[in-house]
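Right, one structure below, let's go through it.
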Amino acid sequence: MSAKPCVCVIGGAGYIGSIVVEALLTADRRVCVYDNLSLGHRSAVPEDAIFVQGDHGDETLLKETLQKYNCSAVMHFSALSLVGESVEKPLLYYENNVAKGVALLRAVLAADVRYFIFSSTASVYGEPIQVRLSSPGCAISVPILEDASTFPTNPYGNTKLAFEWLLWDTAKVSNLRSISIRYFNAAGATERCGEAHNPETHLIPLVLQAAAGRRDAICVYGSDYPTPDGTCIRDYIHVQDLAEAHLLALKYLEGGGATDVFNLGNGKGFSVLEVIDVARRVTGKEVPVQMGARRAGDPAVLVASSDKIKKILGWQPRHPRLEDIISSAWQWHTAHPQGY
Ligand SMILES: NC(=O)c1ccc[n+]([C@@H]2O[C@H](COP(=O)([O-])OP(=O)(O)OC[C@H]3O[C@@H](n4cnc5c(N)ncnc54)[C@H](O)[C@@H]3O)[C@@H](O)[C@H]2O)c1
């Protein structure tokens, strides 16, 4: 009798991947993590998961791994994802996220994997052009829908969109069905796994570093945006809610669902100053702030609409409150001050 089918999580030693692995194991799935550990952490991979150290561009090793562990599904998290670095080193990003992505898909097809979940990004939309200014005091809302035009503003977004196209075109000529999930900022932690990027570029961990005294101050880029407090509004989603969406997407494909794209967002954006205020309350610490000029290319408001994923996959955010997102991240950072 062949072994129970396995879900291969590529990039499963990274921030989001490791938390999806936890959720898969909790759902009694057999899991194989495949990661080259260039950015991830071996200790983020639970003992109950199989671990294979490898590069997703190594077609032979990946194919052997998928076959050896009877993988019926792949979840793909192994992109390079720093916007600034992608501007400075576009070829590195095209190589890892697109060229090696072709090898990854070849291995997936050769191993006859049927279901593919791609952790994409809402950066594929670029700067929203449909900003709806509502009455004074109300938030500016940009609920970005899946059919909005895709015009990434940086190489990172371009490479993620290019991989979506690879998937889309591959699905037309193979048995592979896929879901791409587009979201903005993952945040928060579980008891075991949290965000440990180096360098760190995401707002919530940077604010928490300032609260912990490991950073002098947090710089706020621009306070004259057309938002209620003048600072940018962004969409933060608890990483456990993200994990849940990936599991629902897998079940959808396993139940016969078709290749599709879903946005994922909290339903509510939070300004930079709101994040800092909540972090002060949650940590009980001072967060020194330095006001700076706007950064080029930073839109005022970025919020994704989750209407489609709620309707079709039945997804609901369980941790939408900013307090809960930040306090889970704070607990993890307090317990792991040096990361993993
Ligand atoms: N973190 C966010 O807020 C966010 C937002 C939107 C989309 N995403 C997407 O989610 C995914 C995961 O993000 P993350 O924050 O967990 O990133 P991460 O850097 O923490 O994890 C990525 C993992 O992939 C591995 N990896 C990279 N290149 C590889 C390769 N060629 N072969 C094998 N392994 C490789 C790294 O070692 C790392 O463990 C990325 O694809 C990113 O584009 C993240």
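In numbering that gives the first Met the number 0, the protein residues as written are 0 to 339.
C-beta atoms are modelled at their ideal positions from N, C-alpha and C, and glycine is treated no differently.
Taken from the Cβ of N35, at least one heavy atom of ligand 1 lies inside 6 Å. Taking L23 as the centre and dropping the five residues before and after it, the same chain places the C-beta of V6, V30 closer than 6 Å to its C-beta, in chain order.
DSSP places S71 inside the beta strand (DSSP E), whose first and last residues are 70 to 75. In this structure, N265 sits away from R181, with a CB-CB distance that is not shorter than 7 Å.
Distance between H75 and R320, taken at the CA atoms: about 27 Å. The residue among P204, P227, D323 with its C-alpha nearest the C-alpha of A216 is P204. Beyond the five residues adjoining it in sequence on each side, D297 comes within less than 8 Å, by CB distance, of Y220, G221, C231 in the same chain, given in chain order. Between L241 and A195, the beta carbon gap of about 17 Å keeps them out of contact (Cβ cut-off 8 Å).
Taking each of V8, A210, G10, I324 in turn and checking the Cα distance to T189, the smallest one comes out for I324. By the neighbour-count criterion, in which a residue is buried when 16 or more other Cβ atoms sit within 10 angstroms of its Cβ, N174 is exposed. For N184, the three-state secondary structure derived from DSSP is strand. In terms of side-chain proximity, the C-beta atom of T120 is found nearer than 6 Å to a non-hydrogen atom of ligand 1.
When secondary structure is reduced to three states using DSSP, P151 falls in the coil class, being assigned neither helix nor strand. In this structure, DSSP gives D259 an extended state, which the three-state scheme calls strand. In the DSSP assignment, L61 falls within the alpha helix (DSSP H) that extends over 58 to 67. In this structure the region 292 to 312 lies against the region 245 to 256, because at least three pairs of beta carbons, one per stretch, are closer than 8 Å. The nearest non-hydrogen atom of ligand 1 is 6 Å or more from the C-beta of G193.
If you draw a straight line from the Cα of A295 to the Cα of G125, it comes to about 13 Å.
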